[in-house]
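Visitor: Protein chains in written order, with numbering that gives the first Met the number 0: chain A, 0 to 438; chain B, 0 to 438; chain C, 0 to 438. Note that the Cβ used here is the ideal one computed from N, Cα and C, for glycine as well. Predicted model only: the values in this text are computed from it and were never measured. Here's a structure for you.
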Amino acid sequence: MKSFSDFSMVSHIKNLFDICRSITGNGARKTLNYFEKFHPELERIKFASFTKVFDWEIPLEWNIKDSYIEHIETGQQFAKFSDSNLHIVSYSEPINTIMDLEELKKHIHTLEDQPKWIPYVTSYYRKQWGFCLSEEAKQKLPKGNYKVVVDSKLEKGFLDLSHCILEGKLKKEIFFSTYICHPSMANNELSGPVVTSQLLDYIKNKYPNPNFSYRFVFLPETIGSISYLSRYEDELLSNVISGFNVTCVGDDRSYSHVKSPYGNTLADKALEAGLSGLKNRKSYSFLERGSDERQYCSPGINLPLCTFCRSKFGEYPEYHTSADNLDVVNEKGLLGSFQVLKNIVDAFEICLFPKVLVKGEPQLGKRNLYPNLSKKQNSRRDSQSRMDIIAFCNGKNSIFEICNLTKLPLSAVIDELEILIKAGLVVENFNNQSTNGLI
Amino acid sequence: MKSFSDFSMVSHIKNLFDICRSITGNGARKTLNYFEKFHPELERIKFASFTKVFDWEIPLEWNIKDSYIEHIETGQQFAKFSDSNLHIVSYSEPINTIMDLEELKKHIHTLEDQPKWIPYVTSYYRKQWGFCLSEEAKQKLPKGNYKVVVDSKLEKGFLDLSHCILEGKLKKEIFFSTYICHPSMANNELSGPVVTSQLLDYIKNKYPNPNFSYRFVFLPETIGSISYLSRYEDELLSNVISGFNVTCVGDDRSYSHVKSPYGNTLADKALEAGLSGLKNRKSYSFLERGSDERQYCSPGINLPLCTFCRSKFGEYPEYHTSADNLDVVNEKGLLGSFQVLKNIVDAFEICLFPKVLVKGEPQLGKRNLYPNLSKKQNSRRDSQSRMDIIAFCNGKNSIFEICNLTKLPLSAVIDELEILIKAGLVVENFNNQSTNGLI
Amino acid sequence: MKSFSDFSMVSHIKNLFDICRSITGNGARKTLNYFEKFHPELERIKFASFTKVFDWEIPLEWNIKDSYIEHIETGQQFAKFSDSNLHIVSYSEPINTIMDLEELKKHIHTLEDQPKWIPYVTSYYRKQWGFCLSEEAKQKLPKGNYKVVVDSKLEKGFLDLSHCILEGKLKKEIFFSTYICHPSMANNELSGPVVTSQLLDYIKNKYPNPNFSYRFVFLPETIGSISYLSRYEDELLSNVISGFNVTCVGDDRSYSHVKSPYGNTLADKALEAGLSGLKNRKSYSFLERGSDERQYCSPGINLPLCTFCRSKFGEYPEYHTSADNLDVVNEKGLLGSFQVLKNIVDAFEICLFPKVLVKGEPQLGKRNLYPNLSKKQNSRRDSQSRMDIIAFCNGKNSIFEICNLTKLPLSAVIDELEILIKAGLVVENFNNQSTNGLI
């Protein structure tokens with residue numbers, strides 16, 4: 000069978016785009032099926048409706064066959080589910096009735112500032128129904144009575160999620176979380192699971208026997224991460240040394256780091272290093288959070304986790320509208336995101352706490368790692384990065400801190416450390432660090 | 000009997016303005032009487048002349064009946080004590096003699112840069128006498144001989160101060176200190192004790208059984224705080240978790256925070272939070288100190304205390320001159336200051352170390368604390384402040400740190416925490432903090 | 000006998016300028032002899048060729064009698080060692096042969112951007128030979144064959160260095176290191192040992208029985224400091240509380256501080272304080288290192304040391320060229336450097352951790368340390384520095400931190416502390432600090 004990375008990431012997004020996902024139901028399930036097909040490691044976890052998860056309760060399962068509004072006089076149909084699943088408020092209860100336009104309008108949501116686009120609206124926890132239209136379409140609705148049809152079901156069922164752990168030599172885990180609950184939107188939905196799946200593929204191939212363990216979870220946002228935490232809290236808190244929530248990683252306008260509450264976890268340092276040297280990088284405080292970092296970093300949990308985006312959710316114009324379509328994402332943007340996460344994984348695997356073994360500076364010349372002729376123009380320029388890295392390899396700084404201290408790109412630090420480890424000059428000091436309670 | 004807050008703060012300042020205060024003597028005593036009349040809790044403490052207090056000694060008590068200079072030839076009188084008690088250098092020794100203008104001028108102090116105003120000058124610790132005039136008045140003094148009269152007494156007596164403790168459930172104290180030793184100046188003198196007295200009134204009424212204990216002291220500056228420290232050092236050091244020196248709080252030009260030596264005490268964080276969101280707020284390093292924080296924060300004492308002003312002493316033009324009169328202060332300015340201190344007290348009382356009880360984010364919707372419909376425009380806007388506060392309620396951050404982290408006004412944090420506490424979502428974690436040695 | 004400081008520092012530089020120094024050999028030895036003549040305390044230490052020192056090995060000893068290239072056709076000689084010892088690549092192996100200009104040019108080094116100056120080039124660890132010329136001189140070399148003569152020897156011998164310890168009441172040491180291995184260059188070579196020698200003279204005279212111990216070492220750069228560390232590592236790590244690498248201290252264009260890796264050692268604070276208030280002061284991160292701080296601060300050693308320069312190596316145009324001659328250095332520049340180091344030594348000697356003995360502010364008036372008359376213009380201005388210093392003398396801040404906190408020049412802090420110590424107000428708290436593990 001072909002593996003996930005045998006196809007372009009854009010092609011995966013196209014394959015998944017039309018599915019009507021929500022936090023429960025067959026759309027989310029089909030999406031999980033898609034990833035599980037490529038990753039047999041993924042295990043499905045189910046939470047039955049009404050299950051208590053921390054302060055929350057799993058809602059009824061929602062499924063929808065069709066929905067539309069039909070102008071009685073002319074028979075014209077509008078806001079057809081079959082045209083766009085954004086036309087229906089997610090979790091709308093079933094209805095089949097007739098009402099006039101004035102009454103109907105109370106249930107219609109639009110974006111006045113973006114009059115050509117359909118908004119994305121949900122109502123998971125209060126029973127109601129509603130339609131979403133572009134402001135322009137709403138303005139054109141003819142007067143009169145309408146047949147209103149929502150052919151949906153709210154029934155006892157399950158919330159589904161999929162996770163896997165690639166076990167490494169160490170129990171300590173690097174954790175990646177992404178969500179699969181939004182309907183037909185490309186960047187704020189499908190880019191996250193697709194890049195995460197590509198990363199899972201990469202680790203399996205590159206590191207069949209990794210040093211660290213790697214945990215991946217694909218779940219519905221908020222209620223999904225709360226459910227997952229409620230079941231796996233103890234092992235997450237024991238094992239995770241760095242976590243990344245991956246979302247909105249498909250455009251190529253910028254790179255964003257949404258920091259943990261205090262911005263000082265190993266994950267924050269890792270992502271800061273991963274973005275080192277990239278143009279248009281932005282960092283946001285936890286006050287500008289908005290995705291599953293809200294749960295993972297909540298005061299009672301406090302996992303060392305931050306969120307990685309290209310253009311951050313809420314910061315790009317197409318966010319949560321029908322315009323977040325296949326035009327917003329592209330292979331270059333997706334690959335840029337993958338590369339950042341790949342470098343972080345490589346960094347963990349090559350040497351988390353590098354320690355130089357010699358006292359004083361090592362003599363690079365005798366190892367052919369250094370120019371032997373010192374003169375003004377070349378004096379140490381060629382080997383400056385190498386020597387800068389060595390200068391901070393005290394076994395206490397993580398590779399990410401070394402990257403941030405030396406202001407080098409993370410990939411350069413990885414390349415240099417590979418050379419230095421091969422030359423026997425640097426070794427991993429992780430065990431001493433972890434016993435010091437540093438991580 | 001009417002309480003202190005039954006009158007405007009400006010009216011109290013007017014009642015007290017004409018009294019000739021100094022660090023000892025009947026003027027200070029009358030001023031203390033005035034506040035004790037409203038606050039029977041206040042206890043008078045007396046230090047006899049020549050008592051050793053740390054490195055200092057209580058000076059003789061100074062009282063003055065009259066003083067003036069009289070031009071012999073014309074009988075004209077100048078620099079009359081009866082016109083303004085600023086005309087006499089505080090602690091001038093008695094004299095009754097005749098001298099010519101040249102000799103007299105050696106004893107006359109003026110402000111060349113502010114030629115219409117009389118300066119405020121003191122000489123507590125060296126025996127001398129002197130008169131203060133406006134530069135313009137000095138220029139107009141006719142030539143010839145003058146009769147110089149200072150009808151003052153320097154005798155063994157007492158330095159007086161008043162203090163009280165409102166006992167709370169906890170022995171830990173919030174401490175307010177203000178001074179009562181300057182003669183007829185409005186902002187740099189009377190605003191401090193009047194706002195402090197208003198705060199004392201507020202706490203007595205609002206919190207008859209407070210959580211924390213509250214200590215108030217009205218004393219002469221420098222020698223008074225040194226005397227107070229010398230007697231109460233042990234209990235202050237054991238109990239005070241946050242102290243505020245209150246002075247120059249009557250104008251409405253700005254808000255000032257004079258930081259403790261390292262700017263990192265709970266008091267500093269509290270005042271920073273108390274000023275959050277106010278316009279024209281300024282903070283000053285300890286290098287710009289000048290009031291009783293000099294004693295309370297001295298290296299051998301090191302109380303967690305900072306100073307609160309509107310326009311800081313030394314920073315407004317009328318400071319230490321006859322122009323610091325009733326035109327400088329106004330009810331709006333005084334109320335603004337009161338409000339800052341009131342919010343700080345409310346914050347201590349509502350929850351010093353708030354801790355959210357649920358794991359993950361609480362479901363606000365089921366408690367009617369959250370909008371149930373999520374769409375782009377309103378997504379979390381309405382409840383953003385509430386969620387931001389919850390995000391930092393880990394039981395380790397004080398309410399003041401939460402205010403500073405969320406960049407919300409302190410009053411908003413208080414209001415939100417009140418709602419969250421009522422909803423059973425947040426509790427006080429003070430006991431665990433104090434045992435951790437955090438305060 | 001006359002002492003070192005009986006002569007101008009420029010005159011010492013002149014005396015030493017012509018010697019052809021390298022990391023081994025008679026030039027370095029003569030230079031050490033010169034300093035030892037003035038300082039009998041200095042002890043010579045020798046490391047034999049092939050001795051292992053950490054990751055390195057002492058190279059063969061290099062000595063040179065003569066070198067030149069001679070145009071066969073005309074008999075003209077160029078790049079004559081006798082004209083400038085920069086003409087020969089340091090550690091060039093002996094050669095006596097004939098080759099044509101094209102072949103010769105492969106062994107000629109120039110500076111294209113600075114065409115009038117001869118570059119300084121070394122090749123200690125790879126056997127080769129080479130000549131250095133100005134670009135202009137190279138351009139004028141006539142075509143044809145050349146006799147190439149390097150009359151040098153590479154033989155088993157020794158690397159020499161000199162060190163001394165001025166023993167104080169405490170074993171804790173202040174450490175000064177400077178290097179003596181560059182040929183005829185004035186600022187980047189001779190300024191370092193000459194200023195260091197002047198400082199040694201100063202300490203011997205001013206503090207015959209110092210509180211701290213003072214260690215001085217004159218050595219060849221890199222291999223010398225590695226050798227020294229390899230022999231004295233244990234006592235350096237046990238005793239040195241602050242170290243300074245002294246180089247390029249002879250011009251008067253700026254003052255530079257090359258920080259330790261994390262910029263937070265006592266040495267960094269001392270040098271920051273020593274430069275307080277000086278114009279044109281610059282600080283550089285460890286990423287811009289380049290001298291023996293590379294060895295002393297390497298991860299396996301991590302001495303608390305930083306580097307002090309006027310214009311930093313690599314930052315001034317004449318660096319590592321024949322233009323770094325006697326025109327670059329001057330007595331004013333050298334004295335400025337000496338003064339900085341002298342102030343640092345004075346600070347260590349007067350009181351490293353000053354602690355004020357009284358509680359509250361001391362009464363300066365009764366000690367004639369304070370104006371007795373308080374009025375607006377002079378209020379505490381005269382004594383502000385004194386009071387600011389007292390405010391931070393808590394026995395935990397070092398004199399250098401107090402200098403940095405109060406933003407006063409170090410010399411002013413020293414003067415004020417002298418007065419306060421004499422007045423019995425301040426004492427040394429070093430012993431309590433060291434047992435607290437603070438240094």
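Provide the residue(s) that pair with I175/B in DSSP beta bridges, ordered along the chain.
Guide: Here the sequence assigns Phe to residue 175/B, which means Ile is not the residue at that position. Paired residues: F215/B and F243/B.
Visitor: Would you decide whether E172/B is buried or exposed? Buried here means 16 or more other CB atoms lie within 10 Å of its CB.
Guide: Looking at its Cβ environment, which holds 16 or more other Cβ atoms inside 10 Å, E172/B is buried.
Visitor: Tell me, please, whether the CB atom of Y124/C is closer than 8 Å to any CB atom in chain A?
Guide: Output row for Y124/C: interface = yes.
Visitor: Output yes or no for whether 8 Å exceeds the beta carbon distance between S176/C and N244/C.
Guide: Contact: yes.
Visitor: Output the residue ranges of the beta strand (DSSP E) runs that lie fully inside the region 313-356 of chain C and measure 3 residues or longer, sorted by chain position.
Guide: The qualifying runs are 353-355.
Visitor: Does DSSP put S378/A in a helix, a strand or coil?
Guide: At S378/A the pLDDT is 44, less than 50, meaning the model places this residue with poor confidence; the figure from the coordinates comes in the next sentence. If DSSP states are grouped into helix, strand and coil, S378/A belongs with coil.
Visitor: Taking 8 Å as the threshold (beta carbon to beta carbon), is T434/B in contact with chain A?
Guide: At T434/B the pLDDT is 48, less than 50, meaning the model places this residue with poor confidence and gives no usable figure here.
Visitor: Over what stretch of residues does the beta strand (DSSP E) that includes R280/C continue unbroken?
Guide: First-last of the beta strand (DSSP E) with R280/C: R280 to Y283.
Visitor: Apart from the five residues on each side of it in sequence, which residues of its chain come closer than 8 Å, Cβ to Cβ, to N428/A?
Guide: Correct list, in chain order: F352, P353, K354, G394 and K395.
Visitor: Check whether the Cβ atoms of E348/A and Y206/A lie closer than 8 Å to each other.
Guide: Yes, they are a contact pair.
Visitor: Name the DSSP beta bridge partners of R43/B, please?
Guide: DSSP lists S161/B as partners of R43/B.
Visitor: Kindly indicate which residue of P192/A, V52/A and E188/A has the alpha-carbon position closest to the one of F3/A.
Guide: When only C-alpha atoms are compared, the closest one is P192/A.
Visitor: The alpha helix (DSSP H) that contains E134/A, what's its start and end?
Guide: E134 to Q138 is the extent of the alpha helix (DSSP H) around E134/A.
Visitor: Using the DSSP secondary-structure output, state which residues sit across from F77/A in a beta bridge.
Guide: DSSP output for F77/A lists I68/A as bridge partner(s).
Visitor: Is there at least one Cβ from chain A nearer than 8 Å to V426/B's Cβ?
Guide: Chain A, which has no Cβ nearer than 8 Å to the Cβ of V426/B, makes this no.
Visitor: Hey, could you find the ends of the alpha helix (DSSP H) R53/B is sitting in?
Guide: The residue asked about is misnamed: residue 53/B is Phe in this sequence, not Arg. From DSSP, F53/B is part of no alpha helix (DSSP H); its letter is neither H nor E.
Visitor: Determine, for K421/B, whether the minimum Cβ-Cβ distance to residues of chain A falls below 8 Å.
Guide: Answer no: the Cβ-Cβ gap between K421/B and chain A never drops below 8 Å.
Visitor: Helix, strand or coil for H256/C, going by three-state DSSP, please let me know.
Guide: Three-state result, H256/C: strand.
Visitor: Hey, is A390/C's beta-carbon within less than 8 Å of any beta-carbon in chain B?
Guide: A390/C counts as touching chain B.
Visitor: Given Q294/A, which residues of its chain have a CB within under 8 Å of its CB, disregarding the five upstream and five downstream residues?
Guide: So the qualifying residues of the chain are T221, S224, I225, L228 and I300.
Visitor: Would you call L302/B buried or exposed, if buried means 16 or more other Cβ atoms sit within 10 Å of its Cβ?
Guide: That one is buried.
Visitor: Do you know how far the Cα of L274/C is from the Cα of S378/B?
Guide: Because the pLDDT of S378/B is 44, which lies under 50, any placement of that residue in the model is unreliable, and the question is left without a value.
Visitor: Using a Cβ-Cβ distance cut-off of 8 Å, determine whether Q294/B contacts chain C.
Guide: With 8 Å as the cut-off, Q294/B counts as an interface residue toward chain C.
Visitor: Using only CA atoms, which one of I202/A, S190/A, N263/A and Y145/A lies nearest to I164/A?
Guide: Nearest C-alpha to I164/A: I202/A.
Visitor: Between R43/B and the rest of its own chain, which residues show a CB-CB distance below 8 Å, the 5 nearest in sequence each way excluded?
Guide: Result list for R43/B: L31, E35, D159, L160 and S161, in chain order.
Visitor: Going by DSSP in three states, D251/C sits in which element: helix, strand or coil?
Guide: If DSSP states are grouped into helix, strand and coil, D251/C belongs with coil.
Visitor: For a test of the three-state rule: what should DSSP assign to S397/B, helix, strand or coil?
Guide: Note: S397/B maps to coil in three-state DSSP.
Visitor: Mapping DSSP to helix, strand and coil, what is I440/C?
Guide: Nothing can be reported for residue 440/C: it is not among the residues displayed for chain C, which extend from 0 to 438.
Visitor: I need the straight-line Cα distance from L424/C to V357/C, nearest angstrom please.
Guide: Between L424/C and V357/C, the C-alpha separation is close to 7 Å.
Visitor: Mind checking whether E292/A and V9/A have CB atoms under 8 Å apart?
Guide: It is not a contact, given that the beta carbons lie outside the stated cut-off.
Visitor: Listing by chain order, which chain C residues have their CB less than 8 Å from the CB of P192/A?
Guide: Within 8 Å Cβ-Cβ: nothing; P192/A doesn't reach chain C, min ~40 Å.
Visitor: Would C19/C and P182/C qualify as a contact pair, given that the criterion is a beta-carbon distance under 8 Å?
Guide: Yes, the pair counts as a contact, with Cβ atoms nearer than the cut-off.
Visitor: So that I know if they touch, is there some Cβ in chain B lying closer than 8 Å to that of R380/C?
Guide: Low confidence applies here, because R380/C scores a pLDDT of 49, under 50, leaving its location unreliable; read the following figure in that light. Cβ-Cβ to chain B under 8 Å: no for R380/C.
Visitor: From the DSSP output, in three-state form, read off I117/C for me.
Guide: In the structure shown, I117/C sits in coil (DSSP, three-state: anything other than H, G, I, E or B).
Visitor: Skipping 5 residues on each side, what residues in its chain have a beta carbon closer than 6 Å to that of D65/A?
Guide: Excluding sequence neighbours, D65/A sits near F80 and D150.
Visitor: Cβ closer than 8 Å: which chain A residues qualify as neighbours of P298/C?
Guide: Residues of chain A passing the Cβ test: K354, V355, I389, A390, F391, C392, N393 and G394.
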